[in-house]
Structures are given as structure tokens and as C-alpha cells.
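J.: Numbering (mature numbering (1 follows the signal peptide of the UniProt record, and there is no 0)), first residue to last: -19 to -1, 1 to 329. From the three backbone atoms N, C-alpha and C, an ideal C-beta is built for every residue, glycine too. A quick note: this is a predicted structure, and the numbers were derived from the prediction, not measured. I'd like to ask you about the structure that follows.
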């Protein structure tokens, strides 16, 4: 895992080096969603906002004037994060919701709660920014209540479903809105020729004698990236005004608790290896690419941000395959429709 991920990360940094040597300029960052324009603050929804990169992103966007909606699984951690942000920034406007991104029912309840809160607060019925940051690195197969692999459900199916459910709020925004999907350089280690229902839900991995956690993590991040590009294309086909933009952000290798399920000696070895290479970052540093993606100009929709300072690079060739992206999109839409229909029948 350390070797392949190191190669994947170094290849990303080599792209930055080539761009610097040959004079390519970083994408200009201008605050496309202007938090200081008008009386109401733009609303940003961040998943996985109670730790690591998500928490750092919440701090940064609150500082920039967004009304930050934090989404997490633990009410206690949400409460603690709200207090921390408020202690640092007295003017921060914050709201939190408890939700499990691996569960469609939980995501659907969050969507309803968000809409109700917007109505009760007499806020405009829209959001301006969605940051799909929640992610896990699981070491064992633990099916969700929907019957999917939990890591794929959290890292891909959940963000896909949440984005689909919140698209009406994004499209209803009084200013152009944006989706930022937090992906990973590890997608460069993933290869696939064809998608089917079992591969998208992760059911195919449950038959393995040993749970291939690194492979599934890489695969889930590849799926999220393919989805980002396809959503960008779909929105361009359906909306000539380009009201909703989609950007992928890669924070690099960040020292967070995402590897908490791995044995301590493996975690220590991984962190040491990346520290020796000079590639280990803090959550604040890792959040830079997400902030860049959130605030960049609208012409950058469909881009892949990496390395901070407004820099973009190309993702892997597999991730840019429109045939694969369309195939994944169609299967994911079928899964979404099945989950939605099942939930509606269950509630009737």
C-alpha cells in the first residue's frame, strides 16, 4: 500500500513540477461565491466536518464568511466542533445535522431536515456550496443496512445520493452554486474496465477471503472522480446557463484519523514513509485544495485541484474515460431510484 500510494502521490507532484518548469500558470482564485456580497451569507454544506480535512475546511469557510452547515455522525463531535469554531471566530454562522452518509435513509432525513431548517429560519430555499468530504478506510467487510459495502457506501454511493437529493437546492440558488467532491491521489492505483451493480455496490468484494481495504478505498475514490466529471457533463447538457459547477479536490496525503482502523504499526509506517518523502501534510494544508476548488472561477468546472495555491493537474487516464463515467452514472442512478422508491414504500 505504501509503495503504490507513494508512486501515485509522487506522480501528482511531478505534474506540478512540470507545470512550474514549463511555465503553466495556476488557475486564478477569485471568490466566485462572494460571502460578502449582499446581506445573506452563502450556505455551505460540509460532510465529515467533525475531524481532519472536513473540520479544517469548516474553519476556513466560516472564516471566509460562509454560513457553514456541518454534517457528521456524532452529535457530541458536532457540538464540540461548533464550539471550537465559535471560540476562534465569534462572527461565524453555523448549523449542524447528524447524518450517516453510508445510509440512504439517514441522507434522506438530513435533506428533509435541511429544507425544514431553511424554511423555519426564513432563509432562501437554496444552498450555494456542497463539499462531499466524508470518507472512511475500513479494514473489514461491514454491509450497510442497504446491503452495500460500507466503505463504498460512505465514499461514493452516499455522496452521489446526497448530491442528487440536494441538486434542487443548488439549482435554486440566487447565485451560481457548486459541488466539490473530495477525492484522492490513490485513484491512480485503481483500474477497471467495466462496471456492474455488484462492483458499484461493493458486493463483489465480499466474496474475497481477505478484505482488500486499500483496493476498495482506491476504487471508491476513482468512482467519486468519475462521477464528478460525469455530473459536470450532465449539467452542461441540461443547463446552458452553467448555474451549478462541479470540481474535484485532492488534498494529498494528510495526517488524519482516517487510518484509525489499521494496526498501529502499519499507520506509523505509512506516516513515517510519507514524512521522509516530505509529503505528509497537516489538515489545514490539505484543506487548501478544497478551498481553492470552492472559490475558483466558474470556468474551472470539471477541473481537478491538487497541491493548493490554485493549482490543477490531470487525474488518471481511467478517471477521464467518458464511457466508464457514463456506465457508472447509469448504474448509480438506478441504485438511487431503487433506494428512493424502497424508502417511500417503507414510509407509506
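1. Residues in the same chain with beta-carbon distance under 8 Å from residue 301, minus the five sequence neighbours each way, listed in chain order, please.
2. Return the residue from the list 50, 197, 37 that minimises the CA-CA distance to residue 25.
3. Considering Cα atoms alone, identify which of 304, 143, 44, 54 is closest to residue 176.
4. Which runs of the alpha helix (DSSP H) fall wholly inside the segment 49 to 79 and span at least 4 residues, in chain order?
5. Could I get the ranges of all uninterrupted beta strand (DSSP E) runs contained in the segment 185 to 210, with 3 residues as the minimum, in chain order?
6. When DSSP builds the beta bridges, which residues end up paired with residue 262?
7. Tell me the rounded alpha-carbon separation between residue 194 and residue 266.
8. Can you find at least 3 beta carbon pairs, one from the segment 117 to 127 and one from the segment 83 to 90, that sit closer than 8 Å?
9. With a threshold of 6 Å on Cβ separation, who are the neighbours of residue 143 within its own chain once the five nearest residues in sequence on each side are excluded?
10. Less than 8 Å between C-beta atoms, sequence neighbours within five positions excluded: which residues of the same chain meet that for residue 90?
11. Going by DSSP in three states, residue 277 sits in which element: helix, strand or coil?
12. Whole angstroms is fine: what's the gap from residue 64's alpha carbon to residue 112's?
13. Answer yes or no: do residue 53 and residue 114 have a C-beta to C-beta separation smaller than 7 Å?
14. Whole angstroms is fine: what's the gap from residue 141's alpha carbon to residue 180's?
T.: The relevant details are as follows:
1. Result list for residue 301: 210, 295, in chain order.
2. Looking at the Cα atoms, 50 is the closest of the given residues.
3. Of the candidates 304, 143, 44, 54, the residue whose Cα lies closest to the Cα of residue 176 is 304.
4. Along the length of the segment 49 to 79, whole alpha helix (DSSP H) runs at least 4 residues long occupy 56 to 69, reported in chain order.
5. Listed in chain order, nothing qualifies, since the segment 185 to 210 has no complete beta strand (DSSP E) run of 3 or more residues.
6. DSSP, once it has assigned bridges, lists 235 as partnering residue 262.
7. About 26 Å.
8. In short, these stretches touch, since the Cβ pair count reaches three.
9. If the five residues before and after residue 143 are omitted, its C-beta is found closer than 6 Å to the C-beta atoms of 88, all from its own chain and listed in chain order.
10. Answer for residue 90: 80, listed in chain order.
11. Three-state result, residue 277: coil.
12. If you take the alpha carbons of residue 64 and residue 112, they lie about 21 Å apart.
13. Result no, Cβ atoms of residue 53 and residue 114 do not sit closer than 7 Å.
14. Straight-line Cα distance between these residues: approximately 15 Å.
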